[in-house]
Each structure stands twice: as structure tokens, then as C-alpha cells.
Amino acid sequence: MKLRANRKQLLFLSRETSGNFQKEGTLQVGRQEKRALTDRFCRLRGNLLFIMKKQDGELEEVLLLERCEVLKLPEDDRRLAVSFESGDPPVLLQFSSCSDCESWLAALRDANTDTLRRRITQLYALINKHARLHDAPEETERLEDDGRAGGAAPAAKVSPLHLTVECRGVVAVAARVQVQVCVIDMHTHTLRKHCCTEIAEGPDDSVFRTSVCFRGDYPLDHNSRIKVNVYNAEEPMTHTTRSFLGFTSFSIRDLLRSKEPHISLSLRTMDGVNEVGEVKVSRLQMEGESDDKTPPEHKCPALCDCLHGSVHDRENSPMMRAVLCAQVCKVYRFQTEDQRWLLVREQMSETPLSFSLPKQLLKTLIHQHTSRVQEVKELGDLSPHWDGLRHDVINHCNHLLGCYQETLTELDKLSVSSCFKSSTSKSVRHLQFVPTNLHSQRMEVTCPGSTGVWYDVITFGAPTDHHQAFKHGGLKRLLNKHTNHRDSSISYSQEESSRARELLASVAQLQPLVFGLAEELLSVSLELNTSRLLQVLDSLAQQTEQFVHALKDELVKNALLAIHKQYSAHCNNSSHVHSNGLLCDNSPANQEGRPSLHKAEYDEEEWDRTWANVAKSLNCIFAMVDRIKGREDRPPEMTSSEQQEATGDTNSQNTGGTIISASSSSPSTPSWQEELLPLVVTLRDCVREAVGKARAAMTFVVLQGAVAATIAQGPVQLVQRRHAVFSQALSAVVCGFLLKLYGGLEDSEFLQQLHTAGVLVQFEALLSTYGDEVGMLEDMEVGVADLSRVVFTVTEAKTEQPDDLLPKLHGTWGSLVVEVPLPPETFTLLPQELKDGCLIQIHPVLFNIGINQQQSLAERFGDSSLQERVNQQSCERLKAYCYTLRDRLPEMAGVQSLSDLLSSLDRSVEARKRKNVEVLWIAAMVCRKVNGVRLTSCKSAKDRTAMSVTLEQCVLLRERHALSQQHFSTALDCMRRSRLSWGQMLGCYSPSGLTVSGLDAGEQPSGLQSSWLPQSLAPKAPRRHLYPVAFLLVTSHLLVLWLILSLVILLAKYQ
């Protein structure tokens, strides 16, 4: 059976030094007994048998010694046969002597997985036996101390642990090194991978150094062993397979018992025979620890508990575990100005919100469009023009519904196995709504004698629609084009549309009741029973009063006036073709077929007279009934013979009311029905007229509201683009808000700020105003502006399960509410306003400064007015928020000192300076002072974003934690190397060591390097720098040369 294998890797394994093989030598190899065997050089490594034509020659064949049997042939004691269960022909091996045959037979039989597992189990048993013998005195003492408890105590759990791993002596075989750290569980004999990271050079070329962080919730105890595997990583920027260099292992108990803060271990080959280097494992210590008399075994857990209590209490809380996932950490020690040490912990995490919130938004939009289709369908029969509008709305909604349902289905499939969208997938159609490279960048700084301070920044790719690309610009430009070309039709808010639907329902319910009672009044009039007549009349009066009260809505009056204005404005237009193919007037001239709605001069008081006529016609009925009742109460005088005849009339009836004989009325007096019929007909005509006008007005409102929310927003592609951009921005903002809320639950001022003034959300963009990134910035501007209509509210979670702690999205487009659930014990500590469901407003601002080479081209030859306008508008909004916060919370710490920062920001924005990154720094300072949410973006949230975040972190260490100035560059370089190892700055450092800064992966033009960046953002190269400054001069000279040549060609052509 043939297996696929990496030929390059197999060649590398077969040509290593002899010490890495269990057996090697020249053998005679063949497949059939009858054919002659040929001499081949064979090497056995693990379960692989390499067969080569000669030593260090060409690799001919590799045998995988699995599911096979190695037998010694009875007819020849120097020959072995390797037979496979797959049925392949056996391989024959012949040796020069019987002793060689026996040694190879033992080695080949042991070279399979089953045998290796048995040996590993035996070794584990042997290690446990020696460990028990070694720890017997300590266990005896523990049993004596804990004898009252009835048994031995379990192994103590280790608190958060931070280690430094140094590899020495491997530079001879590797230029770069990759370290894999695994944890061996001594109870279950299982291996659990913890991390795998590229590590950078140390003080000299022979040392490689990295850090390893074990969080407080990691299942680590004193019996655990750590295994360190070291690999050769020659080409980190490619996908070539790594080669194994060596391994070592140590126990947590040995590390904690060591008198020194480190232990040195030998790095050995796979067979454990040869040493290829040294590994030094150190515990990160703060100053003063070495003077502590605490036993070493208990000192490190106590130190970690002291320094990282916030890690254990906050980072491992159910809230954080629900929001963050796939975390990677780095730990550093930096020296301060006063020669003390800072412990800095960097953490980059993904979040399930990348898929959770887009899916919720899609469900909300699907429900909203489905409801809108149902609403317009329920309007019944309409005139041709209005029916065409309805068809346009339904067609628009159905197109979006199809796209969104398909996208939601794909996201449901993808979110099962992933919670992250990489930059390589930013143009995938089904991932339009998912933010690109969304990460939380968190830094904890611990000073001696103080608790940790957290600094959070959310990084993600600029919220934009890469799938639709930027051929016609971004959202801002597209919306402006659509606004200029669309008709200035009247639009109604969602509340007005809801009121119109309620009024239509009321009219549909009350009109049959009024008509039914009117018919009943006529029927009762035949009974000539005044009591019954008055009873029906009272019911009619009540229903008519409700009817008139419903019609006395200003919305109806305004809608009728709007219909007339629209008719007047469009009466001269030719025609309009709807999506159903209907060609009709562009005006509502035929709407509902009511000529009274389209008079040349519309009287604004006409509607008041309409519903007033209903009331007057009802009053006329009341007057007629009163007259009838009065006439019957005072009957005309009768003669005695008539009275006797009336008294003796057997047809007279007594029903408890006024008794009226059929012969008592004069033949000349009309009947009650004849008297009431004209008045009832008038009432019904007035009601019918009022219902017709009200229904036309409310139908107009509902249709115009639907048109404003669908067709008026632009083509389907434009609406979909806007929703996708908003979804990406919303996911990032919600993630940042949750981290800010979780970190400020104990800050009473911050909680008061939330329900008093809201929270500031500051977007820092590093996009250029050249090429496609202009469209990205236009998308981002609209997406950030749409966030101002989103509010947050805090609710109490049902349980502490991750699904119950994820934020929930509800509402409609334009009025979305994000519910943030908190555990019950945390929710009870909030202010009463937040517990009562107070809405938390967000105030988004966007500041953009392009820093790459495209921005240099834009400032030299292009246009940067978009950037200037965005920054100016955001500056005004930021000042408005700060002034509001100062007025409402004047005693808040730091709020009174904002004036100087805002003045500096204003001057920086007005300065029109090239690549003026001071705008970003000052805006970030203001944001941190007002407890705002910080978000940083570039095209893909890799190179430029990583450089900005690392610079900001180092500036914070220098300004707030007294980082030594001579260590500033070292700290910056270390943090940027971490981003490189995490895959966030793949475009910043090339494999050869040349600086390629400010570019996202895949956009590296020839000859453009970090000289185009601001000096503070340009990263330090690992080895040497390349500064092609002359490219600017060459570019300008080429432009002049091109102009001269063009003129020469034109002159030659016309001569």
C-alpha cells in the first residue's frame, strides 16, 4: 500500500547524522525469493526503514513498519522477511552474519506503534515508582499531619505561572527555532499541547528565548510534567514542514523546589541518546523575591497569586470566558527609570461575537423585511400606481430576504467550527457581515506593590464590503449619488407607520359596527318602541364617537395634505414603470379613485369638516328621535268613541313601555322608519366618505414608510453593503463595550457615566486616501455614523453558561438595542438606573490618518479632503460629548482637564500636516480619560494596526509606568516580534530581514519600504535596514519625463 508523504521531509530525515538512527548498515534487499537480492544501504529510524542505493545516496524506498510482521526464514538464518497485512509482496532482507540478523530482527520488531506504546507505559510505571520512592518521606509527613482528615491531600493546584524558555547551542543546525510546549498528565498518561510559538534571538546569536504563560484555570499541579519540543523553522514565512531538533522535559515540582529561579536541562534527540543543546527554564520573578524565606515550592504560587489576582478573578470569570476565546499570551519584564521591574502581560484573543452578532443582525433584518412584506400585502386592493409601489417594495424585500437567508445558513455552518474570519477571506460573499481579523488586544501592567492595570484595544479590519469592491467608490459616495437622483418623496418614521396601521385596523373594525347599529336602528324603528330605540341609539352614539375620535388624528390630516402636494408636484410627469412591468402615472392621481383628494386647490380644513359631518349627522338622528319621542309622549286628543275603540282593541299590546296602536297614528303622519331613513343614509354616507379618505391617507403613510425603508434607501446592493459594513462595526463595538463594562464593574463613576452621558467609542483608522482605501474609508464613515442609533442595556442572565452571557440583539434597523446579560451576583451590584433597564447611548467618532506609501502619493499628487472632513467632524462630536460629560458629571476625575487636550486636538486637526499621527495620539488620550472604547483598524488589521498598537502600549508604559527610555526601543521591538510570531505582522518583516513596513500581506510593491511611514511607527528590522529614499526623486523625475515624451509625440503626430 502506497502512502502520500512529503518527499523533501523524508529526504531530510534519511540524511541526518548517524546518531539519530537505531540501526544502519548495508543489506541485501529484494521483493521475490527467486530473483537476486541487491545491495542497499538501510537506516532504521522509529517506524521508518529508509532504503538507499548507497550511503548518502539517492533514497529509493521507505517502508512504514506498521501492520506488518517480521519473520526469520527457516531455510536461511541470515534472512528476514517483512510481510504486510495489506497483501503487498514481502520484503526480503539478507545480512552478512547471524548476529547482525538477530540484532536487526529485534530492532525491526520493536519499530512499530504498539511496541512503542508498551515501552512508554513501562517507562511511565518506572517513573511513577521512582517518584513515589523519592517522595515517600514527604508523603509520610503529610499523612501524619492530615491523618485526622482521613487520607492524603490531593496535589496542590498551581496558580498562574509564567516561564521563560531559552534554547542554547542549537544555532549550528538552525537559524530560527520553534518551540512546542506540552503538558504531561501523570495520572492519565496523556499529552496535552499547550502552545507552539516562534522565538526570537536573545543577547547573542546562540540563544533563542521565548515566554510561556499558564493561566489560573489551566489544569496544572505539582505532579504535572512539561515537555519542550524544539523544531527547526528555517522559513517562517512559507508553509514548509518543520524538522525536529530535540526535546526535554521537567516537572513542576522540580521547578518550584529549585533554589535558583531557573533549571537547566539537556536538549536530546528523539532516541534520547545525543545532546544537541541546552534548555534553560526560568520563573519570572519580581524584585525582593529572592530575600523571601518562603520555601521555593510555595513561593511561586504565592507570587503569582499576588501579581495576577486580577487574572484569576477577572480573566477566568464566566463573562470573560463567554466573550473571549483562542487566547495567546506573552509575558515581559522591563526595567523602569528607578531600576525596578515591570511585569507586562500581553494577551490577544479572538471572540465568538465575530459570528454571533452578525447572525443575530441577519435574523433581525429577515424578520423585519418579512413583516414589511406582510404589512403591505394586507393593504388589500389598491389603485394601479399604489399597487405598483407595493410590488416594488415586495420585490426589494424578497431580494434581500433571499440573500440574507442564504448568508445566515452559511454562517450557521461555519460558526460551528470557527469564530474568526481571516484577511484571506475578506472578499468571500457569505462572510460579508463578519468582521475581518477581530481581536482584543489586552495589556496588563503589574508594578511592584500594586495590582495589575489593564489597557484594552479592539483591532479589526476596516468595516467595509470587499466583496462588492470599490469600483464606484464607498458608501458615502454611493449614498450621495442616490440622494441626488432620487425623488424628494415624503417619508414617514417607523412610529408613524405603526400608528397608521393601528388606525387602519380601528377603521376596519369600527365601520361595520357603525353600519350595523344604523341598520339595527331602522329595524327597531318598525317596532315603535321608544325604549328599545333609545337603547340602540346610545350604542350607535358610542361607536360613532369612537370612530370620530380615531379619525381626529393629525396624521390623517397631514397625510391628505401630503397626497395633494405630491399630486401637484408630479402631475406633469410622464410615466413610471414599476418592477411588475406596470406603466402608470408617476403621480397619485388615480390613488383610491377619489377625485376629492386631487382638487387643484386643496382646503386644509376639508378633513375637519369630513369627520365633523359624521358627528353632525349623528346629532340630526338624535334630534329626530327626540322629536318622535316628544310627539308620542303628547298624543293628540281623541273622541270618546275612538277611546272606547282603542280600549277594546284586542290587537293592542303592553310591553312595559309606551303602548302605541297601529290605528292610533294618523294616516297623514309618516312612520318612524320613514323619518329616520334619510338621516341614517346621510350618516352612512358621511362615515363612508371619512373611511375612504382615512384609508387612502393611512395607506399612503404605510406605503411611503415602506418605500422610505426599502426603495428609498437605494438599490439592493447598496442596502446590503450598508448592512454588511454596519454588522462588522457593530461586532467590534460590542466586544469593546463588554470588555470596558467588565473591567469597570467596581468603578462607581464609570457606571454613573454610562446611564448619565453614555460611552464614547473612538475608531482609529490608518487608511490612506488613495486607491481602493478611499472607498474603505467612505464605507467606514457611514458604518460608524449608523452606530449612533444603537443603544445598550444591561440585563440579568438566567445562568452562567456561555450562551446565556452572550449579548442579545433586538429591535429594528435604525433602533437596535443590544442586551448585555450579567451574572445575578454581579447584576445586583449595579446602580438602580442600570438595573431598571436604562438605555446606554454610544457616541462614535472616527479619526483617520493614512501612514503608508499610498498616503504619501495622495498627499503629494492626490486629494486628502475626505480625511480632513472626517477628522474635523469627529473632533466636533468629541468636543460635544466631553462638554456634556463635564456638565453632567463635573466631579468626575480628569474631566476638568479635558479642555487643554481638546484644544491641542483642534489645533492638530487644523494644522493640515502630512501624516499627522498626533491627531490619533491626542484622540486616544481623550478617549482613555473619559473611559471610552478604543478600536484600531487598517485594511486588514495586520501590519499598520500592529505597529500602532505596539507603539501605543510602549508609550503607555513610558508615560504611566516609568518605562526606562533606554529600554523603550527594546520593548517596542519585543512586542512587534510577538505580533510577528502571532501572525499579525507577516508583511512587516520579510524572511531575509529587510523591513517592509506599513503594508498588508499581498500588497508589497517593489521598492516601497518603511521610509514612507512616520518615524514613530516604522518598526525596527531584525538585522539590517533598507531605506530607498531616492524612490521619491525617481518618481517625480519619471513623471516629468513622461510629460516631455507625451508632448514630443503629440508634436510629431500633428506635424
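Residue numbers for the sequence shown follow this note's numbering, so the first one is 151 and each next one is one higher.
Beta carbons are placed, not taken as given, at the ideal position from N, Cα and C, and that holds for glycine.
Given the structure is predicted, the values throughout are model-derived calculations rather than measurements.
Item, Value
"Contacts around A472, its chain only, beta-carbon distance under 7 Å, and the 5 residues preceding and following it disregarded", "P952, L955 and L956"
"Three CB pairs or more closer than 8 Å across the stretch 645 to 662 and the stretch 846 to 854", "yes"
"Helix, strand or coil at D562 [DSSP, three-state]", "helix"
"Beta-carbon proximity of V1083 to V866, cut-off 8 Å", "no"
"For K1089, the three-state DSSP class (helix, strand or coil)", "coil"
"Residue range of the unbroken beta strand (DSSP E) whose run includes L492", "W491 to E500"
"7 Å CB neighbourhood of R342 in its chain, flanking five on each side removed", "C332, V333 and D335"
"CB of V431 within 8 Å of CB of R418, strictly", "no"
"Within 8 Å, strictly: CB atoms of C1088 and A612", "yes"
"Run of the beta strand (DSSP E) containing I516, from where it starts to where it stops", "Careful: I516 lies outside any beta strand (DSSP E), inside the alpha helix (DSSP H) at L503 to K527."
"Residues near R1064 in its chain [Cβ-Cβ closer than 7 Å; skip 5 each side]", "E1009"
"Three-state class that DSSP yields for C218 in the structure shown", "strand"
"Closest Cα partner of M926 within the set R627, N170 and H1117", "R627"
"Ordered list of beta strand (DSSP E) runs contained in the stretch 859 to 931, each at least 3 residues", "909 to 915"
"Cα-Cα separation, T188 to L406", "57 Å"
"Unbroken alpha helix (DSSP H) run spanning K1079, endpoints", "E1068 to K1079"
"Buried versus exposed, by CB contacts within 10 Å (16 or more), I270", "exposed"
"Closest Cα partner of P502 within the set L916, R190, D1050 and L888", "L888"
"Pair within 8 Å by beta-carbon distance, I544 and V578", "no"
"Chain-order list of residues whose beta-carbon lies under 6 Å from that of A874 (same chain, five-residue window excluded)", "Q582, F583 and D615"
"Every unbroken alpha helix (DSSP H) inside the stretch 566 to 623 [4 residues or more]", "none"
"Own chain, CB closer than 7 Å to E670, minus 5 neighbours either side, in chain order", "V686"
"Where V1198 falls, given that 16 or more other Cβ within 10 Å makes a residue buried", "exposed"
"Residue from K958, V940, V941 and F942 with nearest C-alpha to K948", "K958"
"Bridge partners - H960, DSSP secondary structure assignment", "V967"
"Under 8 Å between C-beta atoms of L996 and M930", "yes"
"P994 (DSSP reduced to helix, strand or coil)", "strand"
"Residues bridged to K480 (per DSSP)", "E496"
"Cβ separation of S918 and N1002, assumed to be a contact under 8 Å, to the nearest whole Å", "6 Å"
"Cβ shell of T1100 (< 7 Å), same chain only, five flanking positions each side left out", "L1122, M1125, R1126 and R1129"
"Nearest-angstrom Cα separation, counted from W822 out to L678", "7 Å"
"When P973, V1080 and V932 are compared against Y892, the one with the closest alpha-carbon", "P973"
"Cα-Cα separation, A1202 to S1196", "10 Å"
"Simplified DSSP assignment, three categories, for E646", "helix"
"Contact belief for A700 with L833 at Cβ below 8 Å, rounded distance in angstroms", "The Cβ separation is near 16 Å, so there is no contact."
"Rounded C-alpha distance that separates Q1046 from H541", "57 Å"
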